[in-house]
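Protein chains in written order, with UniProt numbering: chain U, 1 to 264; chain E, 1 to 562.
Heads up, the beta-carbon is just placed ideally off N, CA and C, and yes, glycines get one too.
Reviewing the structure listed below.
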């Protein structure tokens, strides 16, 4: 992530969280935090606890973040780069703030006819392939909760549609036949199927490395009838080091009510 | 292929709840930001390093990046990091640790270092690598903190031991791992019991010297890599000290050990300029020296010739150092009054310190930061006073200082004083590379100690050339040592890190005793010279062979390009 990308990300983040931007500069920004964001980012639970007990006037902090060469004239400011703990804290907070959504396709209606919006369940997922090494893949799936049709790269397609938080005029939503939990199960099954078809030489290689080390270990203790405790500890360590596994986590997702032709 | 797929379903329940409650629902922009954040954090490939992108303020040297890649991709995260002193093993370890943490392969981390380095490691991991390491102080830290730095001595003792052995560590880093060479020690046994998923052992001292030691260290990291004891002995052991199939063993060891040498890193090192500065004793100082040398002939000193040797060395440093020793001798043995008191009288007659005068002159002419090394506390105090009298402020430094005091003194020296007067190199991890001048006010008899002194400033980060001034008091034991030992082995020009190998190979760790022995037990000047020559040529021979090997290696490499 380049510095200007970080800058852009931060601007969008604070605006989306309704913080007022007090100073805007290509190289830095000064942000007046909201109470919610102060609690999330500033790590001062005692202050907020005290305030709630005494009923005082909340005074959320202001944050100056520097992303470029220039710093504000009154000095100070935290330099933010891709490795800085503050950015990672902000990244982590987006997971809390942006996990569940419900949106409607925004359809301009001229004929006065009512239009039906179809229920889609979308999830964005991170699949991690892990042994003693690791790789992630991000994917997005949507399932039509009436027909059961599934669509890949669903999020990319959503970004091309006009979406709104409120149901547009003259639109109504169709009730799902498939319960969301069943929808999620069907998507899991699809993901599993796809994973099985993947190339898994990485896992075979990891198992080979594992076997190799285990053979060495066995040879080291081959003369001992009663294996010492640390033989078993070491053996278990090898398992945790090499055993290939795949974890699928949901990043976020939600319900999208879309016109009949939106995903065609 | 049968693979474990684990679906994390925590999200499901919360989603269903929000459906039932009809919200709250997030905004489209926040939803997108969450996905983008995750995209930025996801690891695109099994191979390669992510960490440098997270650490833009650090500039890694090519060999450091190479080490990290090798350890992770070729050694599967179990390795002995054995770069020569000053090439940045700590940086390499931090880089590897960071990489595993970014990839989510390490959360729980244990770092075992010498007690004096706990705070330094903690500080560097936090400030340089943004790794929230915590120094172990209370026993709850083991369980509640994810990255813990501790000394091995604390960790191996109860009640800590049981708690530590119960943790599931993802990475264990052990600094100064050469202390684990002996498998009959408590430390070895403790580390053996730790569950080692990924493991880094850091050591600067090469381990190929004794057959036993390399076997023990590797077996700790990766049991069986060198076979079990029986196979190992059969395959590689010739007798107690020597090896067979050395090439094969080397190959095996290199699969778990990375060792960069200074010359191979291609780094340009600052030049060393060495200058010997002769000191002429004043008449009273000469008298004192002579009367001490005469003590050797007295029957009562026949069995404690060593203390005469010490006194001789002390006179070359300062009358204060010498006086202190005389006083102690007198206290221990009141009967020696008739021999010692006259010498003490001679001490009182000394009116000037020729060396200190020269020091003052030199410090004034350098007009820049200077480190003065002396062997004696009394000299250190005297010099501080003496320089103060002439308007030069100095900072004292001793090995016994607590870590925080060492850091403070370093800070004072850097920002407020021209001179640092140290009685020893200050131990591991003190970096004074902002200074370019060293005065060896008196010489230690162990060349390793000289190397450590110079190593404080001759290291990565030194921007200019390094100047070393050796004081040699004419016609004394000091001058003799300088000529016989140091000038012969070209120590001051040689490369850091070579010497420790040479000395270790010949098990000359007690070189100081060895030299004392030559000094004391030689019947004549000639015999002494022959013995010292032998020692020097022994050291040189080894150094010479290595040098040639390197040149051949370089030549071969060049020809492969042509």
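Worksheet item: Got a sec: is the Cβ-Cβ distance from residue 24 of chain U to anything in chain E below 8 Å?
Response: As a working mapping, residue 24 of chain U is identified with position 24 in the first chain. So, not an interface residue.
Item to complete: For residue 181 of chain U, return the contacting residues in chain E, with the cut-off set at a CB-CB distance below 7 Å.
Response: If you number the first chain from 1, residue 181 of chain U lands on position 181. Those within 7 Å of residue 181 of chain U in chain E are 12, 16.
Fill in: Rounded distance between the beta-carbons of residue 102 of chain E and residue 54 of chain E, thought under 8 Å
For the purposes of this step, residue 54 of chain E is taken as residue 54 along the second chain, with counting starting at 1. For the purposes of this step, residue 102 of chain E is taken as residue 102 along the second chain, with counting starting at 1. Confirmed, Cβ separation roughly 6 Å.
Practice prompt. Label residue 32 of chain E either buried or exposed according to how many other C-beta atoms from any shown protein chain fall within 10 Å of its C-beta, with 16 as the threshold for buried.
Written response: The residue you call residue 32 of chain E lines up with position 32 of the second chain. Buried, because 16 or more other Cβ atoms sit within 10 Å of the Cβ of residue 32 of chain E.
Worksheet item: the stretch 217-228 of chain U: which residues have C-beta closer than 8 Å to a C-beta of chain E, in chain order?
Response: 217, 218, 219, 220, 221, 222, 223
Item to complete: Enumerate in chain order the residues of its own chain whose CB-to-CB distance from residue 560 of chain E is below 7 Å, with the five nearest sequence positions on each side excluded.
Response: Against the second chain, residue 560 of chain E aligns to sequence position 560. Note that residue 560 of chain E scores 29 on pLDDT, short of 50, meaning its location in the model is unreliable and no value can be drawn from it.
Practice prompt. Give the DSSP-derived three-state secondary structure of residue 222 of chain E in the structure shown.
Written response: Stepping through the second chain from its first residue, residue 222 of chain E is reached at position 222. Looking at residue 222 of chain E - three-state DSSP - the assignment turns out to be coil, as it is neither helix nor strand.
Worksheet item: In chain E, what lies closer than 7 Å to residue 38 of chain U by C-beta?
Response: Walking along the first chain from the start, residue 38 of chain U turns up at place 38. The premise fails here: residue 38 of chain U is roughly 17 Å from chain E at the closest Cβ pair, so nothing lies under 7 Å.
Discussion item. By the three-class DSSP mapping on this structure, what secondary structure does residue 41 of chain U have?
Written reply: By one-based count along the first chain, residue 41 of chain U stands at place 41. The answer is helix: DSSP assigns residue 41 of chain U an H, G or I state.
Worksheet item: Which residues share a DSSP beta bridge with residue 130 of chain U?
Response: Position 130 of the first chain holds residue 130 of chain U. According to DSSP, residue 130 of chain U bridges with U:134, U:245.
Worksheet item: In terms of residue numbering, what span does the alpha helix (DSSP H) encompassing residue 379 of chain E cover?
Response: For the purposes of this step, residue 379 of chain E is identified with residue 379 of the second chain, where counting begins at 1. Counting along the chain, the alpha helix (DSSP H) containing residue 379 of chain E begins and ends at 377-389.
Fill in: Distance between residue 110 of chain E and residue 132 of chain U (C-alpha atoms, nearest Å)
Taking the first residue of the first chain as 1, we reach residue 132 of chain U at position 132. Taking the first residue of the second chain as 1, we reach residue 110 of chain E at position 110. Their backbone Cα atoms lie some 18 Å apart in a straight line.
Worksheet item: Got a sec: does the ligand PLP put a non-hydrogen atom nearer than 7 Å to the Cβ of residue 245 of chain E?
Response: For the structure depicted, the ligand PLP is absent and the ligand set is empty, with no information on it obtainable.
Worksheet entry | Simplified DSSP assignment, three categories, for residue 187 of chain U | Here residue 187 of chain U is taken as the residue at index 187 of the first chain, counted from 1. DSSP places residue 187 of chain U in helix when its eight states are reduced to three.
Worksheet item: So what does residue 250 of chain U bridge to, in DSSP terms?
Response: As a position in the first chain, residue 250 of chain U is number 250, starting the count at 1. In the DSSP output, where bridge partners are listed per residue, residue 250 of chain U has U:125.
Worksheet item: Which residues in the same chain have their Cβ closer than 7 Å to the Cβ of residue 153 of chain E, if we skip the five residues on either side of it in sequence?
Response: Within the second chain, residue 153 of chain E is the residue found at index 153, counting from 1. Only 115 meet the Cβ criterion.
Item to complete: Would you check if there are 3 or more beta carbon pairs closer than 8 Å linking the stretch 248-258 of chain U to the stretch 106-123 of chain U?
Response: yes
Worksheet entry | Inter-residue Cα distance where the pair is residue 381 of chain E and residue 242 of chain U | Sequence index remark: in the second chain, residue 381 of chain E carries index 381 (1-based). Sequence index remark: in the first chain, residue 242 of chain U carries index 242 (1-based). One C-alpha to the other measures close to 58 Å.
Discussion item. If we define contact as Cβ-Cβ less than 8 Å, is residue 26 of chain E a contact residue for chain U?
Written reply: Position 26 of the second chain holds residue 26 of chain E. By this cut-off, residue 26 of chain E is an interface position.
Fill in: Beta carbon proximity, residue 65 of chain E to chain U, threshold 8 Å
Here residue 65 of chain E refers to the residue found at position 65 when the second chain is read from its first residue. Not one chain U Cβ lies under 8 Å of residue 65 of chain E.
Discussion item. Taking the alpha helix (DSSP H) that residue 409 of chain E belongs to, which residues open and close that run?
Written reply: Numbered from its first residue, the second chain carries residue 409 of chain E at position 409. Residue 409 of chain E -> alpha helix (DSSP H) spans 403-415.
Worksheet item: Under the three-state reduction of DSSP, which class applies to residue 556 of chain E: helix, strand or coil?
Response: Mapped onto the second chain, residue 556 of chain E falls at position 556. Only weak support exists for where residue 556 of chain E lies, its pLDDT of 32 falling under 50; the value from the coordinates is given anyway. In this structure, residue 556 of chain E counts as helix in the three-state DSSP scheme.
Worksheet item: If the cut is a Cβ gap below 9 Å, which residues of chain E does residue 254 of chain U touch?
Response: As a first step, residue 254 of chain U is located in the first chain; it is residue number 254 there, counting from the start. Under the 9 Å cutoff, chain E gives 15, 18, 25, 26, 31.
Practice prompt. Please look up how many angstroms separate the CB atoms of residue 347 of chain E and residue 323 of chain E, rounded, as I've assumed it's under 8 Å.
Written response: Position 347 of the second chain, counted from the start, is the residue given in the question as residue 347 of chain E. Position 323 of the second chain, counted from the start, is the residue given in the question as residue 323 of chain E. Confirmed, Cβ separation roughly 5 Å.
Discussion item. Quick check: is the beta carbon of residue 13 of chain U nearer than 8 Å to any beta carbon in chain E?
Written reply: The sequence position of residue 13 of chain U within the first chain is 13, counting from 1. Yes, residue 13 of chain U lies at the interface with chain E (some Cβ there is under 8 Å from its Cβ).
Worksheet item: In its own chain, which residues sit with a C-beta less than 6 Å from the C-beta of residue 424 of chain E, not counting the 5 before and 5 after it?
Response: Counted from its first residue, the second chain places residue 424 of chain E at position 424. Cβ neighbours of residue 424 of chain E beyond the five flanking positions: 399.
Discussion item. Strictly below 8 Å CB to CB, what residues from chain U border residue 77 of chain E?
Written reply: Translated into positions along the second chain, residue 77 of chain E becomes position 77. Result: 132, 241.
Practice prompt. Return helix, strand or coil for residue 482 of chain E, following the three-state DSSP convention.
Written response: Along the second chain, read from residue 1 onward, the residue named residue 482 of chain E stands at position 482. Residue state, collapsed to three classes: helix.
Worksheet item: Applying the criterion that 16 or more other CB atoms from any shown protein chain within 10 Å of the CB defines a buried residue, is residue 496 of chain E buried or exposed?
Response: On the second chain, residue 496 of chain E is found 496 positions in, with the first residue counted as 1. Low local confidence applies: a pLDDT of 44 at residue 496 of chain E is under 50, so the model's placement there is unreliable, and no value is given.
Worksheet entry | Contacts of residue 127 of chain E in chain U (Cβ-Cβ under 8 Å) | Indexing the second chain from 1 puts residue 127 of chain E at position 127. Result: empty, since nearest Cβ-Cβ is about 11 Å, beyond 8 Å.
Discussion item. In whole angstroms, give me the CA-to-CA distance for residue 230 of chain U and residue 221 of chain E.
Written reply: Here the question's residue 230 of chain U lines up with position 230 in the first chain. Here the question's residue 221 of chain E lines up with position 221 in the second chain. Between residue 230 of chain U and residue 221 of chain E, the C-alpha separation is close to 12 Å.
Worksheet item: If you count every other CB in all the chains shown that lies within 10 Å of the CB of residue 48 of chain E, and 16 or more means buried, which is it?
Response: Taking the second chain and counting its residues from 1, the one referred to as residue 48 of chain E is at position 48. With fewer than 16 Cβ atoms within 10 Å of its Cβ, residue 48 of chain E is classed as exposed.
Practice prompt. Please list, in chain order, all residues of the same chain as residue 22 of chain U whose beta carbon is under 8 Å from its beta carbon, the five residues on each side excluded.
Written response: Residue 22 of chain U sits at position 22 when you count from the first residue of the first chain. Only 30, 31, 32, 62 meet the Cβ criterion.
Fill in: Residues, ordered as in the chain, of the stretch 40-68 of chain U that lie near chain A by beta-carbon distance below 9 Å
The structure shown contains no chain A; the protein chains it does contain are U and E.
Discussion item. For a contact defined as C-beta to C-beta under 7 Å, what are the partners of residue 392 of chain E on chain U?
Written reply: Counting from one through the second chain, the residue named residue 392 of chain E turns up at place 392. Ordered by position in chain U, no residue passes the 7 Å Cβ test against residue 392 of chain E, which lies about 36 Å from the chain.
Discussion item. Against chain E, does residue 259 of chain U count as a neighbour if the rule is that its beta carbon must be under 8 Å from one of theirs?
Written reply: Looking up residue 259 of chain U in the first chain gives position 259. Contact of residue 259 of chain U with chain E is not assigned, every C-beta pair being separated by 8 Å or more.
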